[in-house]
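Just remember that the numbering used here sits 1365 ahead of the position in the sequence shown, which is counted from 1.
Backbone N, C-alpha and C define an ideal beta-carbon position, used for all residues, glycine too.
Note that the structure is predicted; figures quoted are calculated from it, not measured.
Some notes on the structure that comes next.
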Amino acid sequence: MNDQKVKEKPEEFSRAEQLSDEGKLDDTLTLLNNYEQKEGLTRYDKASCHLLQCQILFWQGKYKELIKLAEQAYKESEGLENNFLK
């Protein structure tokens, strides 16, 4: 599997965006936490998931969790061809 290739947005991301637009932030985090446990995710998928989680944590004012997750997303994004964090 080519870890560098950017795919279409996963269905879970669209659903997460919809939930967050509805103000259901805890439901959004649950959905994203479940998504990141799936087998076969690329580094791009994981980093994208973490960025969405970071956005929610920011809105919730959970800054310590946000920093930890942002650092993890940064590490996972290293080496990606279309690195959106650099």
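Under the three-state DSSP convention, the category residue i falls into
{"i": "T1407", "result": "coil"}
{"i": "E1402", "result": "Note on residue identity: the sequence assigns Gln, not Glu, to residue 1402. Q1402: coil per DSSP, three-state reduction."}
{"i": "K1374", "result": "coil"}
{"i": "E1387", "result": "coil"}
{"i": "K1427", "result": "coil"}
{"i": "E1443", "result": "coil"}
Contact with chain C by residue i, beta-carbon distance below 7 Å
{"i": "Q1402", "result": "Absent from the structure is chain C; it holds one protein chain and no more."}
Nearest-angstrom Cα separation, counted from residue j out to residue i
{"i": "D1410", "j": "K1440", "result": "13 Å"}
{"i": "I1421", "j": "E1373", "result": "22 Å"}
{"i": "D1386", "j": "K1427", "result": "19 Å"}
{"i": "N1398", "j": "I1432", "result": "17 Å"}
{"i": "D1392", "j": "Q1383", "result": "11 Å"}
{"i": "L1390", "j": "A1412", "result": "19 Å"}
{"i": "G1444", "j": "Y1400", "result": "22 Å"}
Pick from the options that is closest to residue i, judged by C-alpha positions
{"i": "K1403", "options": "L1384, E1377 and L1416", "result": "E1377"}
{"i": "Q1437", "options": "Q1425, T1393 and R1408", "result": "R1408"}
{"i": "A1435", "options": "Q1418, S1379, L1390 and G1405", "result": "Q1418"}
{"i": "T1395", "options": "G1405, A1381 and K1429", "result": "A1381"}
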